[in-house]
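Quick note: to get the working numbering, add 56 to the position in the sequence shown (first position is 1).
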Amino acid sequence: MASILIVDDEEALQTSLVTAFSLQGYRAEGAGSGREALQLLKQARFDVVLVDLRMPDIDGIQVMERVREGTPGTVVILMTGGATVETAVRALKGGAYDYILKPFTLPEIFHAVDRGLEQQRLKQENVQLSELNRRLQEIDQIKSNLLAAITHEFRTPLTVMSGWLELLLGDHFGQLSGKQRESLAVVQRGTVRLGRLISNLLVFVESDRSQLAQKRLPMSLADLLRDVAAELAPECAERKVDLRVEIAPDLPPLRGDGEPLRLVFFNLVENAIKFNEPGGDVAVQAGEDDGSFLVSITNTRGEIPAERIPRLLEPFTQGDMSATRAAGGLGLGLAVVRLILDAHGGQLAVESGQGSGTTVRVRLPLTR
Numbered sequence: 057m058a059s060i061l062i063v064d065d066e067e068a069l070q071t072s073l074v075t076a077f078s079l080q081g082y083r084a085e086g087a088g089s090g091r092e093a094l095q096l097l098k099q100a101r102f103d104v105v106l107v108d109l110r111m112p113d114i115d116g117i118q119v120m121e122r123v124r125e126g127t128p129g130t131v132v133i134l135m136t137g138g139a140t141v142e143t144a145v146r147a148l149k150g151g152a153y154d155y156i157l158k159p160f161t162l163p164e165i166f167h168a169v170d171r172g173l174e175q176q177r178l179k180q181e182n183v184q185l186s187e188l189n190r191r192l193q194e195i196d197q198i199k200s201n202l203l204a205a206i207t208h209e210f211r212t213p214l215t216v217m218s219g220w221l222e223l224l225l226g227d228h229f230g231q232l233s234g235k236q237r238e239s240l241a242v243v244q245r246g247t248v249r250l251g252r253l254i255s256n257l258l259v260f261v262e263s264d265r266s267q268l269a270q271k272r273l274p275m276s277l278a279d280l281l282r283d284v285a286a287e288l289a290p291e292c293a294e295r296k297v298d299l300r301v302e303i304a305p306d307l308p309p310l311r312g313d314g315e316p317l318r319l320v321f322f323n324l325v326e327n328a329i330k331f332n333e334p335g336g337d338v339a340v341q342a343g344e345d346d347g348s349f350l351v352s353i354t355n356t357r358g359e360i361p362a363e364r365i366p367r368l369l370e371p372f373t374q375g376d377m378s379a380t381r382a383a384g385g386l387g388l389g390l391a392v393v394r395l396i397l398d399a400h401g402g403q404l405a406v407e408s409g410q411g412s413g414t415t416v417r418v419r420l421p422l423t424r
């Protein structure tokens, strides 16, 4: 229930307005002077103060100023029988929501008060939204800082683990048995997977700090794709998926940041393997097309519903985000791919059809 204080030295008008607003559902009180109004304002808070401009002891402007000092959110509306431009400007500059000329009708005064309360509500909501937005920005910054710290700190022990695993698998500490080699190979694949997850997180964090594609050096796209295929060969064998790479001869060098671009194609090829089925095929084709590099990655048995494709480019999203999904991961792969390609002036397109698998096409600028 909204509350209103009506201040007017004309007792008949004051009491009639108190009655009228009470019938409208307000908690209404009246005061016959400015001094009495200030006493009531010390005892209770009012949403609206409807005050006469001219009163013998303390006028409406002074009451309004005291209200603004004590409760800035209170709506103050001045009533006057002889407003001038000077008094109107003074009232509005002093913080009055509005002023209304006497004589007025009840619908007019009801409308003015309702408008004032609506503006008060909107201001309060705006303040709350501004505060909420500020807190969300703080939380987002904390999240980014935390992710950056985690990914950087994880890389050092992961590098140590990978180095020792390479030494062990390379028989630098003696010949391994078949079971030992097999067990360590599983651990090594796990560290590779963890390293890729950390790399994706790091790219995601650094994308907000404009740290992608800082180096633009010439590199061989063919070598990059063949290295990715060789690294993913054990996963293909484990999932019983056939991977083939077809690269057009005499491709010119690609200019870009090697490590992020390697992550692009690693994510895409791994997705094509991971979301395939046993006995399926993955084809990686690279060549020139219409003045750009075009790389197509196709799997034969991994369809994506058309309505889910746009969401795949959002961070932490997969085609299947249910608790029973077949494939794990953070859902960052395609979002990271898009960030890196955007930084290189590249493009990404995803096509999927019933029974024909999924094809991802990457275009990158070709500079001779």
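Note that the Cβ used here is the ideal one computed from N, Cα and C, for glycine as well.
Query raised in the report: Who pairs with V63 in a beta bridge, going by DSSP?
Result: A87, V107
Query raised in the report: So, is R316 buried or exposed, given that buried needs 16 or more other C-beta atoms within 10 angstroms?
Result: Looking at the sequence itself, residue 316 is Pro, so the reference to Arg does not match. Label assigned to P316: buried.
Query raised in the report: Which residue's Cα is closest to the Cα of L425: Q244, G126, P213?
Result: This structure cannot settle anything about residue 425, because the visible part of the chain is limited to 57 through 424.
Report task. Label H400 either buried or exposed according to how many other C-beta atoms from any shown protein chain fall within 10 Å of its C-beta, with 16 as the threshold for buried. Result -> buried
Query raised in the report: R417 bridges to which residues according to DSSP?
Result: S352, A405
Query raised in the report: L73 and L106: beta carbons closer than 8 Å?
Result: yes
Requested in this report: Look at D170 and T130 and say whether their C-beta atoms are less than 8 Å apart.
Outcome: no
Query - alpha helix (DSSP H) segment containing G126, residue limits - result: 116-126
Report task. Leaving out five residues on either side along the sequence, give the residues of the same chain with a beta carbon under 6 Å from the beta carbon of L319. Result -> S255
Query raised in the report: How would you call G347, buried or exposed, if buried means at least 16 neighbouring beta carbons within 10 angstroms?
Result: exposed
Query - Same chain, Cβ closer than 7 Å to A168, five either side skipped, listed in chain order - result: Taking A168 as the centre and dropping the five residues before and after it, the same chain places the C-beta of I133, D154, I156 closer than 7 Å to its C-beta, in chain order.
Requested in this report: Have a look at P128, A87, V297, T356 and flag the residue whose alpha-carbon is nearest the alpha-carbon of I114.
Outcome: A87
Requested in this report: Examine the Cβ distances between the region 85-101 and the region 59-67 and report whether three or more of them are shorter than 8 Å.
Outcome: yes
Query - Burial state of G384 (16 or more Cβ within 10 Å) - result: Low local confidence applies: a pLDDT of 46 at G384 is under 50, so the model's placement there is unreliable, and no value is given.
Requested in this report: Just the C-alpha distance for Q95 and K199, rounded to the nearest angstrom, thanks.
Outcome: The alpha-carbon atoms of Q95 and K199 are separated by roughly 50 Å.
Query raised in the report: What span of residues does the alpha helix (DSSP H) with R357 cover, start to end?
Result: Taken as a continuous stretch (DSSP letters only), R357 belongs to no alpha helix (DSSP H), as it is neither H nor E.
Query raised in the report: Helix, strand or coil: how does DSSP classify T75 here?
Result: In the structure shown, the three-state DSSP call for T75 is helix.
Query - Backbone secondary structure at A382 - three-state DSSP - result: Residue confidence is low: A382 scores 46 on pLDDT, short of 50, so the model does not pin down where it sits. Its coordinate-derived value is still stated next. It is coil, neither helix nor strand.
Query raised in the report: According to DSSP, is R300 helix, strand or coil?
Result: strand
Query - Residues near L223 by beta carbon distance below 8 Å, same chain, minus five either side - result: F229
Query raised in the report: Given that a residue counts as buried once 16 or more other Cβ atoms are within 10 Å of its Cβ, and exposed if not, what is I195?
Result: Counting of Cβ neighbours within 10 angstroms places I195 among the exposed residues, the total staying below 16.
Query raised in the report: From R364 to Q176, what does the alpha carbon distance come to, in whole angstroms?
Result: 43 Å
Query raised in the report: Hey, how far is the Cα of T423 from the Cα of P274?
Result: If I take the Cα positions, the gap works out to 10 Å.
Query raised in the report: Considering only residues of the same chain and omitting the five flanking positions on each side of D64, which have a CB-CB separation below 6 Å?
Result: Q70, D108
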